[in-house]
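A short worksheet on the structure shown next.
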Amino acid sequence: MHILKKLSMVTGGFLLMTVAVKAQKVDFTEYDLANGLHVILHQDKTAPVVAVTVFYHVGSKNEETSRTGFAHFFEHLLFEGTDNIKRGEWSKIVSSNGGQENATTSQDRTFYYEVFPSNQLELGLWMESERMLHPVINEVGVKTQNEVVKEEKRQRIDNQPYGHFLEEIFKRLFTAHPYRWQPIGSMEDLDAAKLEEFQAFFKKYYIPNNATLSVAGDIDIEQAKKWVAKYFTDVPKGPAIVQPNIQEAPITKEIVDTAYDANIQIPAVMAAYRIPGLKSDDSKVLELISNYLSNGGSSKLYKKMVDDKKNALQVGAFNYALEDYGAYITYALPNNNASLQDLLKDIDEEVVKLQTDLISEEDYQKLMNQEENDFVSANTRMLGVAENLSDGHVYFNNTGHINDELSDYKKITREQIRDVAKKYLNSNQRVVLYYLPDTKSGNN
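Residue 108 in the numbering used here sits at position 43 of the sequence shown, with consecutive numbering throughout.
Structure, rendered in structure tokens:
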């Protein structure tokens, strides 16, 4: 019942193709085309694989309140076809040339990719330029993908146990910022939208000056530059995008509420804290705190509540890091008729210990080792490297962030861990949600 494990911030799938690399400096070449497209090229000849990725700086936070779900909808819609790729042919072209493709959407960005044998680099670049330059956005495609998105929502959220918990948390944690709705959005909004609105959304956001093209793998840099120029130079530049800058008032009093889910039999208790965005150094500290509390069987919460007290079936904490803000969430599911209040009390006791005492040197070293393992794992795929290079450029204004991140974690002290826990993880700064079975209805 892995229902409340640490969640990814995306709605799409992941490619499992891997190549072996060591934790070493990632070299890259980066430049801008005249139309504003930012290009990042990374050469790695370890394996004959290349990842072609495009990061558009548009997510659900860029949507209108009455037209939610547009960014995620485009994750699907832009596979429909282009002037030169017939409808339904995109995936066939990719697979017939030995590749795989997908896309993901978050609150902050939409990310498209293909992973090909390296001799198909030109094909990947051409396809992504086709997506950007002249996709076909018509009534047929919109209607088709509308049904696809509805089915995805039914499978992944509406009919999934605990599927609405992020929605319930975020709409209480955020009252002004568009993070208050989830990327899947509202099906009613999508139904109400006219074709011209979809076309306008594309024209506004899916432009070269709002995009980062990141290519990683077995490539020749100079040849790649020529192909990039060939396929992307003619894409017209659009008006500059101004990202939302909406500030939330601090939470100063604990918010306690209840949500119901017809798909569950076991209740849960959750506590969520609004925290700074991923650009903040404190976000990294909170990531360490979540690992300390709940990463693995030897973590504090798991050992205390699942192993020793046996009052929890599951317990955890995770740092949901986003660009503007983040959400730090703890949760527990009861075992042996334990009360939700007691579970929350047990979690809070461990947080108070963090706020009061320094963690042991042994636990600190364990956290550092975990971070190093995570860093290596995240960069063992060319897709992961390409994505991390894009993330660094967009979120941190530093493409080389991929090379700085591990050392940034290793600079974090035990004192910082204590102080950051004390700064953000207080009961008067949070939402407590009792997530209960809905026994009155068969639907949410």
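Note that the Cβ used here is the ideal one computed from N, Cα and C, for glycine as well. Please read these numbers as outputs of a predicted model, since none were measured by experiment.
Asked                                                                                                                             : Found
Cβ-Cβ separation, leucine 142 to valine 205 (assumed contact under 8 Å), whole Å                                                  : With a Cβ gap of about 11 Å, valine 205 and leucine 142 do not count as contacting.
Distance CB(tyrosine 393)-CB(leucine 490) smaller than 8 Å                                                                        : yes
Sub-8 Å separation of isoleucine 286 and alanine 486 beta-carbons                                                                 : no
Simplified DSSP state of glutamate 452, which is helix, strand or coil                                                            : helix
Cβ pair glycine 303, asparagine 275 closer than 8 Å                                                                               : yes
Chain-order list of residues whose beta-carbon lies under 7 Å from that of alanine 289 (same chain, five-residue window excluded) : Leu106, Leu186 and Val280
Neighbourhood of glycine 386 by C-beta, 6 Å cutoff - its chain only, sequence neighbours within 5 removed                         : The sequence as given places alanine at residue 386; glycine does not occur at that position. Taken in chain order, the residues that qualify are Leu343 and Ser348.
Cut-off 6 Å between Cβ atoms - residues of its own chain near alanine 241, not counting five sequence neighbours on either side   : Ile311 and Glu313
Leucine 501 versus glutamine 247: straight-line alpha-carbon distance, rounded                                                    : 20 Å
Inter-stretch contact (C-beta, 8 Å, three-pair minimum) for the stretch 138-156 and the stretch 411-430                           : no
Range of the contiguous beta strand (DSSP E) that encloses glutamate 166                                                          : 165-170
Secondary structure, alpha helix (DSSP H): runs of 4+ residues fully inside the stretch 344-395                                   : 346-359
CA-to-CA distance, glycine 362 to threonine 94, given in whole angstroms                                                          : 41 Å
Reference valine 115, options Lys505, Glu166 and Val350, closest by Cα                                                            : Glu166
CB of lysine 90 within 8 Å of CB of asparagine 444, strictly                                                                      : no
Beta-carbon proximity of arginine 132 to alanine 265, cut-off 8 Å                                                                 : no
Burial state of glycine 228 (16 or more Cβ within 10 Å)                                                                           : buried
Of the residues Glu352, Thr421, Asp422 and Lys375, the one placed nearest threonine 395, counting alpha carbons only              : Glu352
First through last residue of the alpha helix (DSSP H) which encompasses alanine 265                                              : 260-270
Closest residue to threonine 323 among Arg446, Thr317 and Ala333 (Cα-Cα distance)                                                 : Ala333
Runs of beta strand (DSSP E) wholly within the stretch 171-241 (minimum 3 residues, chain order)                                  : 175-182
Sheet register partners of valine 321 (DSSP bridge)                                                                               : Val497
Opening and closing residue of the alpha helix (DSSP H) in which aspartate 407 lies                                               : 405-421
Cross-strand partners of phenylalanine 120 (DSSP beta bridge)                                                                     : Phe176 and Thr277
Proline 226 to proline 200 span [Cα, whole Å]                                                                                     : 36 Å
Beta-carbon spacing of aspartate 92, methionine 447 below 8 Å                                                                     : no
Nearest residue (CA-CA) to leucine 260, options Thr209, Tyr244 and Leu238                                                         : Thr209
Reduced DSSP secondary structure (H/G/I, E/B, other) of leucine 471                                                               : helix
Contact between the stretch 248-256 and the stretch 150-160 (3+ Cβ pairs under 8 Å)                                               : no
Cross-strand partners of tyrosine 96 (DSSP beta bridge)                                                                           : Val104
Backbone secondary structure at valine 86 - three-state DSSP                                                                      : Note on valine 86: pLDDT 38, under 50, position unreliable in the model; the coordinate value appears next. Three-state DSSP puts valine 86 in coil, outside helix and strand.
C-beta atoms of glutamate 179 and methionine 192 nearer than 8 Å                                                                  : yes
Within 8 Å, strictly: CB atoms of glutamate 541 and alanine 168                                                                   : The question about residue 541 has no answer here: the residues shown for the chain are numbered 66 through 509.
Best match in His122, Ser171 and Ser404 for proximity to glycine 101 [C-alpha to C-alpha]                                         : His122
Which of helix, strand or coil DSSP assigns to leucine 143                                                                        : coil
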